[in-house]
Amino acid sequence: MKNFLPLAASFALAFLTTVSAQEYQGAPAILKRLAELAKEPSVDPLAATPAGTLRKDLERFRGDAAALPPDEAAVRWLALVDRFTALSRNEVDAVSWARSPNREDQFNFKTLLVTLPPPAAWDALAKAVEARLKATGANGVIDDVLRLIAHTLVNAPEARWKDAAALRATLKKERGFEMDNVLPNLSQALLQADPDPKHAIADFEGRLAARESSTAETPRISLAIPDLVTLAGETAAAKLLQRALLLPHGSGFDIAHGEATKKLARQLALKMAAQLKRPPWGIIDSLDSVALFAAMEKRFPARMDDDPYASYESEVRTIANGYNLLGLIAAKRTTDALKFAVALGERRGGHGFSVSVAISTLARGGQTREVFAFLNDLLSQHPEMNGLWRDFIELAPQVGESEKMLATLRSTLASENLPEHIRPNIRQFLGPALLAADQIEDGVKELLVVINAQPQRQPLGGASRDNSPGNQREVFAFQVARIGKLMQRQDWIDAGLAAARKFSE
7 MKNFLPLAAS FALAFLTTVS AQEYQGAPAI LKRLAELAKE PSVDPLAATP AGTLRKDLER
67 FRGDAAALPP DEAAVRWLAL VDRFTALSRN EVDAVSWARS PNREDQFNFK TLLVTLPPPA
127 AWDALAKAVE ARLKATGANG VIDDVLRLIA HTLVNAPEAR WKDAAALRAT LKKERGFEMD
187 NVLPNLSQAL LQADPDPKHA IADFEGRLAA RESSTAETPR ISLAIPDLVT LAGETAAAKL
247 LQRALLLPHG SGFDIAHGEA TKKLARQLAL KMAAQLKRPP WGIIDSLDSV ALFAAMEKRF
307 PARMDDDPYA SYESEVRTIA NGYNLLGLIA AKRTTDALKF AVALGERRGG HGFSVSVAIS
367 TLARGGQTRE VFAFLNDLLS QHPEMNGLWR DFIELAPQVG ESEKMLATLR STLASENLPE
427 HIRPNIRQFL GPALLAADQI EDGVKELLVV INAQPQRQPL GGASRDNSPG NQREVFAFQV
487 ARIGKLMQRQ DWIDAGLAAA RKFSE
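Below, the structure written as structure tokens:
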């Protein structure tokens with residue numbers, strides 16, 4: 007029965023992100039962690055607050071629970087849950103940030119789950135949860151999740167599915183909850199515990215029907231599809247996939263598992279290209295997707311920045327761009343790959359795209375050397391493509407070409423033809439390149455050069471926000487401090503921490 011405890015944790019973490027604290031890892035948390043590594047003192051100024059007191063009580067309960075009678079342990083744990091849900095998000099966040107910048111030890115609903123009473127009390131806990139009168143509003147979601155947890159602990163799969171249905175109904179009423187994030191995680195957790203194909207198909211059909219009837223302008227995430235070919239056979243899977251492809255909202259769907267289902271979806275999408283309402287960029291995640299990508303580019307040309315769908319589609323479309331580029335390279339269509347890369351760079355302001363996700367797939371096929379050669383030639387001709395420099399640098403050690411990578415980067419920086427507004431953008435990559443080539447001393451020196459340089463105003467199209475030298479200076483400061491800790495170089499620790507504090511002010 008203990009095997010069900012991790013599943014219960016996954017339920018709460020998936021469902022309660024809108025109720026409990028968000029798990030942050032921002033600059034204040036990183037600074038605190040670095041300060042601890044540098045052996046600076048740390049205090050908890052919020053220990054006496056309601057959230058801080060609750061955390062202490064949870065720790066105390068964790069030590070006492072094994073000695074308590076099952077009924078008492080169940081009642082006391084539920085009382086702690088009620089105290090937690092009565093806190094505001096700001097109260098929870100404050101304790102989480104002050105005490106635990108480490109993601110694994112933050113103060114959130116997971117903290118309650120790791121203090122669950124021992125297995126001997128689980129039956130009593132399930133009965134106590136079932137006896138609770140369901141609350142209204144947000145606390146109704148908490149009650150539904152508690153039932154899911156309890157019925158998971160006592161291994162009652164049919165009850166879990168009923169709980170899931172109740173949770174969906176509650177979430178539908180509570181518009182403040184992010185259903186698009188919650189329901190796929192709920193389905194995945196349930197199906198891992200009870201992979202009955204009947205339940206899997208019924209669950210997906212329910213989510214598909216809800217998406218078909220939705221009036222939302224654009225869902226937050228695409229529709230998650232299980233391995234339908236394995237679960238239902240190719241004929242039934244094709245019918246469901248066709249419905250998913252014809253969804254009127256969002257950017258289609260993605261398929262996390264099941265190569266046969268992915269392949270079938272891509273085949274159907276190519277045949278149905280003229281009928282599609284939205285482009286299914288999420289399934290263009292293989293090197294054999296070049297034809298589908300071309301059909302989607304023709305059917306759905308790139309939109310202007312103010313398009314309401316653009317922000318939602320940007321991530322999956324960027325990944326699809328990478329797979330298309332590498333698919334062209336893998337097919338030895340180098341001229342087409344170069345033309346596509348240049349056009350994409352121009353479309354995105356002259357700087358911006360990365361193929362790191364697709365490269366990991368290509369590496370499994372042993373074709374990374376061809377990609378490195380392509381990037382080397384492309385960046386030599388078009389150094390303004392900032393996003394690809396990072397891919398180029400990360401790929402070089404994998405193919406044993408660190409020296410060639412450094413030579414290309416240095417040659418680019420030395421070129422008299424390099425526009426001056428681009429030079430700082432390229433210079434920022436020299437430090438990471440030296441580190442990737444295992445030249446630690448020189449790499450840190452270059453990072454410090456960028457950190458201490460005066461920020462320059464970037465012209466439109468000069469660099470993407472993430473790749474701009476201004477943003478990288480703060481990232482590099484943290485990196486120098488970490489390297490200093492690893493290499494036992496106090497001067498690097500001090501320099502990195504000093505710069506990080508300055509940037510965070």
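Using this note's numbering, read the sequence shown as starting at 7 and increasing by one per residue.
We put the CB at the ideal spot given by N, CA and C, even for glycine.
Three-way DSSP call (helix, strand, coil) for Asp-150 in this model: helix
Ile-446 versus Ile-489, Gln-434, Arg-433 and Val-377, residue with shortest Cα-Cα distance: The candidate whose alpha carbon is nearest that of Ile-446 is Ile-489.
Three-state secondary structure assigned by DSSP to Ile-231: strand
Span separating the alpha-carbon of Ile-325 from that of Asp-383: CA-to-CA, the gap between Ile-325 and Asp-383 works out to about 22 Å.
Leu-332 versus Ala-347: straight-line alpha-carbon distance, rounded: Approximately 10 Å between the Cα atoms of the pair.
Phe-435 - DSSP class collapsed to helix/strand/coil: In the three-state DSSP reduction, Phe-435 falls in the coil class, being neither helix nor strand.
Inter-residue spacing [alpha-carbon to alpha-carbon] between Pro-56 and Ala-262: 41 Å
Phe-509 vs Glu-480 beta-carbon contact at 7 Å: yes
Residue range of the beta strand (DSSP E) that includes Ala-260: The amino acid occupying residue 260 in the given sequence is Asp; Ala does not appear at that position. Where Asp-260 is concerned, the enclosing beta strand (DSSP E) stretches over 259-261.
Rounded distance between the beta-carbons of Arg-272 and Leu-298, thought under 8 Å: 5 Å
CA-to-CA distance, Ile-231 to Phe-210, given in whole angstroms: The straight-line gap from Cα to Cα measures roughly 7 Å.
Residues near Glu-136 by beta carbon distance below 8 Å, same chain, minus five either side: Arg-153 and Ala-156
N- and C-terminal bounds of the alpha helix (DSSP H) containing Val-451: The question names Val, but residue 451 is Lys in the sequence shown. Lys-451 -> alpha helix (DSSP H) spans 446-458.
Cβ pair Thr-267, Val-235 closer than 7 Å: yes
Helix, strand or coil at Gln-494 according to DSSP, with G and I counted as helix: coil
Nearest-angstrom Cβ-Cβ length linking Asn-402 and Met-411, presumed shorter than 8 Å: At residue 402 the sequence reads Ala, which differs from the Asn that was named. Confirmed, Cβ separation roughly 4 Å.
Three-state class that DSSP yields for Val-486 in the structure shown: helix
Residue environment, Ala-242, which counts as buried when at least 16 other CB atoms sit within 10 Å: exposed
CB of Lys-283 within 7 Å of CB of Pro-254, strictly: yes
Three-way DSSP call (helix, strand, coil) for Pro-3 in this model: With the chain represented from 7 up to 511, any question about residue 3 goes unanswered, as that position is not in the structure.
Within 7 Å, strictly: CB atoms of Leu-214 and Arg-249: yes
Rounded C-alpha distance that separates Gly-146 from Lys-491: 47 Å
Of the listed residues Leu-60, Ala-279, Trp-167 and Ala-506, nearest to Phe-484 (C-alpha basis): Minimum Cα distance to Phe-484 is reached at Ala-506.
Inter-residue spacing [alpha-carbon to alpha-carbon] between Gly-449 and Ile-365: 24 Å
Cβ neighbours of Glu-265 in the same chain (closer than 7 Å, five flanking residues each side left out): none
Endpoints, the alpha helix (DSSP H) within which Thr-55 is located: Counting along the chain, Thr-55 falls outside any alpha helix (DSSP H), and DSSP gives it neither H nor E.
First and last residue of the uninterrupted alpha helix (DSSP H) at Glu-211: 203-219
Candidates Asp-149, Pro-163, Leu-159 and Ala-162: closest to Ala-172 by CA position: Asp-149
Rounded C-alpha distance that separates Arg-61 from Ile-290: Here the C-alpha atom of Arg-61 lies approximately 45 Å from the C-alpha atom of Ile-290.
Distance, Leu-246 Cα to Ala-132 Cα: 37 Å
Buried/exposed call for Val-322, threshold 16 Cβ in 10 Å: buried
Burial state of Lys-116 (16 or more Cβ within 10 Å): buried
Assigned exposure category for Val-377 - 16 Cβ within 10 Å defines buried: buried
First through last residue of the alpha helix (DSSP H) which encompasses Met-391: Where Met-391 is concerned, there is no enclosing alpha helix (DSSP H), given that its DSSP letter is neither H nor E.
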